[in-house]
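Notes for the one structure printed next.
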Amino acid sequence: EVQVVESGGALVQPGRSLRLSCVTSGFTFDDYAIHWVRQSPGKGLEWVSYISWNGGTIDYADSVKGRFTISRDNTKNSVYLQMNNLRVEDTALYHCTKDILPYCSGDCYIDYWGQGTPVTVAS
Amino acid sequence: IQMTQSPASLSASIGDRVSITCRASRTIKRYLNWYRQRPGKVPELLLYSTSNLHDGVPSRFSGSGYGTDFTLTINNLQPEDFATYYCQQTSTTPLTFGGGTKVDI
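Sequences listed follow chains R and P, in order.
To convert, take the position in the first sequence, counting from 1, and add 25; that gives the working numbering.
To convert, take the position in the second sequence, counting from 1, and add 138; that gives the working numbering.
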């Protein structure tokens, strides 16, 4: 059974940093790309970042570029999201999600979602 | 690439047929996915690459379109279909979702 479990969410002040973790099981981790997708309370889905199977390809939403860093450790079946200089508008439930492909290029899609870890940025 | 869904919400009844539209700001060929999010749940994939049903998704769901205009159609609406639907383009990064369409009773 595929499992995706996020952790690390917290209440932080604007300008501070936070590191989210995502641990997976039930599939061959280094065969697949991983995305972070967030959802603000009562709002829609926003794609945040993506990392290919070997970490060779990484990309970010414009709203987080330069502040967030995604990484993965295939020996630990884990992905991380380092979030720096947090803003109030980063408040959301952050989902770690598994892609169907090792590298997202056109025919990719998300087939598994974690339940999410909540991040609240407020003073 | 901006993704615009319409309508933002609609009301329907059990057994109805509903259609949701998603428009891309520039061509995404056929790289369009649809997800359903039930209240309090994580999104689940319905269709990928415009018209391909994901494993286990009932055939009452169908998708069409190419380029910039896409449609999700749900036939014979069931109770579990009262939810919010999102389109997502995967043609180029940054990947983007539509704003969502809420289907309620």
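Every residue gets a Cβ at the ideal spot worked out from N, C-alpha and C, and that includes glycine.
Those residues of the region 65-93 of chain R placed with their C-beta closer than 8 angstroms to a C-beta in chain P are Gly69, Leu70, Glu71, Trp72, Tyr75, Asp84, Tyr85, Ala86, Asp87, ordered along the chain. Secondary structure note for Ile59(R): its beta strand (DSSP E) is the uninterrupted segment 59-64. Using a CB distance below 7 angstroms, the part of the region 116-139 of chain R facing chain P consists of His120, Cys129, Gly131, Asp132, Cys133, Tyr134, Ile135, Asp136, Trp138, ordered along the chain. If you look at Ala162(P), you'll find it in the beta strand (DSSP E) that goes 156-162. Shown here, Pro217(P) sits in a helix according to DSSP, grouped into three states.
Judged by DSSP in its simplified three-state form, Phe54(R) adopts helix. The closest CA to that of Leu183(P), considering only Gly51(R), Thr122(R), Ala147(R), is found on Thr122(R).
Residue state for Val113(R) is assigned as helix, using DSSP reduced to three classes. Rounded to the nearest whole angstrom, the C-alpha separation of Phe199(P) and Thr222(P) is 14 angstroms. Burial check for Arg155(P): the Cβ neighbour count within 10 Å stays below 16, so the residue is exposed.
The continuous beta strand (DSSP E) containing Ile95(R) extends over residues 93-98.
Straight across, the Cα-Cα distance linking Thr49(R) with Pro181(P) is about 18 angstroms.
Ala150(P) and Leu210(P) have their alpha carbons spaced roughly 15 angstroms apart.
Counting the other CB atoms within 10 Å of its CB gives Tyr75(R) a total of 16 or more, which places it among the buried residues. One Cα belongs to Leu233(P), the other to Arg44(R), and the distance between them is close to 22 angstroms. Proximity of chain R to Tyr224(P) at the Cβ level (cut-off 9 angstroms) is accounted for by Gly69, Leu70, in chain order. Taking a C-beta cut-off of 7 angstroms against chain R, the contacting residues of the region 162-186 of chain P are Tyr169, Asn171, Val180, Pro181, Leu183, Tyr186, listed in chain order.
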